[in-house]
Amino acid sequence: MADPQLLTVERRDDGVTVITLANGKVNALSSALLAELHAVASDLAVDPPGAVVITGGDRIFAAGADISEFGGPDEAGAITEGFHSALDAVAAIPRFVIAAVSGYALGGGCELALACDYRIASEKAVFGQPEILLGIIPGGGGTQRLPRTVGVSRAKEMCITGRQVRADEALRIGLADEVVPPDELHDRALALAATVAAGALEAQRLTKAAIDQGMSTSLEAGLAIERDAFVEVFRSDDSRIGVASFLEHGPGHATFTGR
Ligand code: COA
């Protein structure tokens, strides 16, 4: 792909790739930014790093869809398709993807955070699906990923009132997984990502796939997915390394290869 203009991608030596949204002062998720995010996420699926951190601006993680692109139903169709393909591509990265949310994550910003595997929020972070205040609804996965994260009734309340949720409440309802002081956000996200990146990446890939696929099917079908993944993981080098290391040295001493 051509070099992205509306986000930056840093591939670090510790195996962590950091994607930083950089679209002006409110980080609106314009169709151009979403196209760049789709391309970057697709590249990361083909040539995955060890882990990914997605972050935004200091005061605004992302203010949602670019409202200036709104029009009628035709424009709406293109906008929701752009969101779904970009955010599905983020969700399909076969690695642990952490959202580091510094400030406002509204509308599509909240939906992008929801498409990540884990959300670390600064104490100043604010989440919300305010689309209803524009007389519209979430179109970037909010009606589907939010209830799967915070439960049906809380998701309905948030989407139907447009109420913004501060970091402490986000932590309580499971929308944020950790809350840290603002000046610790970057380091905490990078440290967790680096630890994960040094782990058994094939086992991580299979874990993420089994959980994600299992969450959208029956328990019975999900257990079948797990059985297949459990057999598959024993084909990895790291399973041999991890089991041998355990038998010789006990838990937690293996040095994995990522294969
Ligand atoms: N799309 C396009 N432009 C946006 C935008 C968006 N999602 N969010 C903000 N802007 C624009 C504002 O219109 C304003 O433009 P102007 O400088 O030409 O007047 C500029 O960005 C700054 O916004 P402002 O509201 O003045 O900044 P703020 O710091 O007071 O508040 C937010 C920041 C993010 C809290 C607030 O802008 C906001 O709530 N944005 C809308 C969020 C939303 O509804 N998202 C869902 C979209 S469906």
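Under our numbering, think of the first position of the sequence shown as 1, with each following residue one higher. Positions of the beta carbon are idealized from the N, C-alpha and C atoms, including for glycine.
For residue i, the first and last residue of its enclosing alpha helix (DSSP H)
| i | result |
| --- | --- |
| valine 243 | 237-249 |
| alanine 113 | 108-115 |
| valine 152 | 152-161 |
Residue burial classification, residue i (beta-carbon count within 10 angstroms, cutoff 16)
| i | result |
| --- | --- |
| lysine 156 | exposed |
| proline 181 | exposed |
| alanine 65 | buried |
| lysine 208 | buried |
| serine 68 | exposed |
| arginine 95 | buried |
| methionine 215 | exposed |
| serine 153 | exposed |
| valine 126 | buried |
| glutamate 248 | exposed |
| histidine 38 | buried |
| leucine 206 | buried |
| phenylalanine 83 | buried |
| arginine 227 | exposed |
| valine 150 | buried |
| isoleucine 160 | exposed |
| arginine 145 | buried |
| phenylalanine 70 | exposed |
| aspartate 238 | buried |
| serine 218 | exposed |
Terminal residues of the beta strand (DSSP E) in which residue i lies
| i | result |
| --- | --- |
| leucine 175 | No beta strand (DSSP E) contains leucine 175, which DSSP labels as neither H nor E. |
| glutamate 119 | The question names glutamate, but residue 119 is arginine in the sequence shown. It spans 118-122 - the beta strand (DSSP E) in which arginine 119 sits, taken as one unbroken run. |
| isoleucine 98 | 97-101 |
| alanine 2 | It is not in any beta strand (DSSP E) - alanine 2 carries neither H nor E in the DSSP assignment. |
| valine 26 | No beta strand (DSSP E) contains valine 26, which DSSP labels as neither H nor E. |
| phenylalanine 61 | 60-62 |
| alanine 254 | Segment: none, alanine 254 is in no beta strand (DSSP E) and carries neither H nor E. |
| isoleucine 54 | 51-55 |
Local conformation of residue i per DSSP, three classes
| i | result |
| --- | --- |
| valine 40 | helix |
| isoleucine 132 | helix |
| alanine 200 | coil |
| serine 274 | Nothing in the structure corresponds to residue 274, since the chain is present only between 1 and 259. |
| phenylalanine 234 | coil |
| leucine 83 | Just to set this straight, residue 83 is phenylalanine in the shown sequence, not leucine. In the structure shown, phenylalanine 83 sits in a helix (DSSP, three-state: H, G or I). |
| arginine 188 | helix |
| alanine 210 | helix |
| valine 46 | helix |
| leucine 321 | Outside the modelled stretch of the chain, which goes from 1 to 259, sits residue 321, for which no answer is possible. |
| threonine 20 | strand |
| arginine 227 | helix |
| arginine 205 | helix |
| arginine 166 | strand |
| alanine 105 | strand |
| arginine 259 | coil |
Chain D contact for residue i (CB, 8 Å cutoff)
| i | result |
| --- | --- |
| arginine 95 | Although the question refers to chain D, the structure presented lacks it and comprises just one protein chain. |
So if I measure from each beta-carbon to every heavy atom of ligand 1 and keep distances below 6 Å, which residues remain? Val26, Ala28, Ile60, Ala63, Gly64, Ala65, Asp66, Ile67, Ser68, Tyr104, Leu106, Gly107, Pro130, Glu131, Leu134
Specify whether the segment 194-213 and the segment 3-15 touch according to this definition: at least 3 beta carbon pairs, one from each stretch, less than 8 Å apart. yes
Are three or more beta carbon pairs between the segment 78-85 and the segment 33-40 nearer than 8 Å? yes
Would you call the segment 217-232 and the segment 252-259 in contact, with 3 or more CB pairs under 8 Å? Touching, no.
Cβ contact check for the segment 114-121 and the segment 172-190: 3 or more pairs under 8 Å: yes
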